[in-house]
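Count along the sequence shown from 1, then add 200; that gives the number in my numbering.
For each residue, glycine too, the CB sits at the ideal point set by N, CA and C.
What follows is one structure encoded as C-alpha cells, with my remarks underneath.
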Amino acid sequence: SDNCSTDDFVGEATISLEPVFVEGNLPPTAYNVVKDEEYRGEIKVGLTFTPEVNFDYAFVSISFISVD
Numbered sequence: 201s202d203n204c205s206t207d208d209f210v211g212e213a214t215i216s217l218e219p220v221f222v223e224g225n226l227p228p229t230a231y232n233v234v235k236d237e238e239y240r241g242e243i244k245v246g247l248t249f250t251p252e253v254n255f256d257y258a259f260v261s262i263s264f265i266s267v268d
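The structure is reproduced here in C-alpha cells:
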C-alpha cells in the first residue's frame with residue numbers, strides 16, 4: 201500500500217515542442233502516461249515559450265493543469 205510519503209515514478213509522456221517554438225505556446229492538451237508500455241493515466245499540460253532577448257537561451261514555462 202502506498203502512503204504517499206515518497207515520490208513514485210508512475211510513467212512518462214512524450215510532448216512535441218515544435219508547436220511551442222513555432223506558435224509560442226501549446227494550449228492545455230491531454231497526454232497519455234505510459235509505464236512499461238502500459239497505460240497508467242493521463243496528464244494535461246500547457247506550455248508557453250518566452251524567449252529572452254539578451255540571452256543565448258530560452259525559457260519554457262510548464263503548467264500542469266490536471267492529472268487523471
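Residue interval of the alpha helix (DSSP H) (run including residue i)
i: Phe249; result: Note, Phe249: premise wrong, no alpha helix (DSSP H); beta strand (DSSP E) at 238–251.
i: Val222; result: 218–223
Outcome for residue i when other beta-carbon atoms lying within 10 angstroms are tallied against a minimum of 16
i: Leu185; result: Since the displayed the chain opens at 201 and closes at 268, residue 185 lies outside it and no answer follows.
i: Val220; result: buried
i: Ile215; result: exposed
Integer-rounded CB distance, given that residue j should sit under 8 Å from residue i
i: Pro228; j: Gly241; result: Actually they do not touch by this definition, with Cβ atoms about 16 Å apart.
i: Asn232; j: Phe249; result: With 8 Å as the limit, Asn232 and Phe249 do not qualify as a contact, their Cβ atoms being about 23 Å apart.
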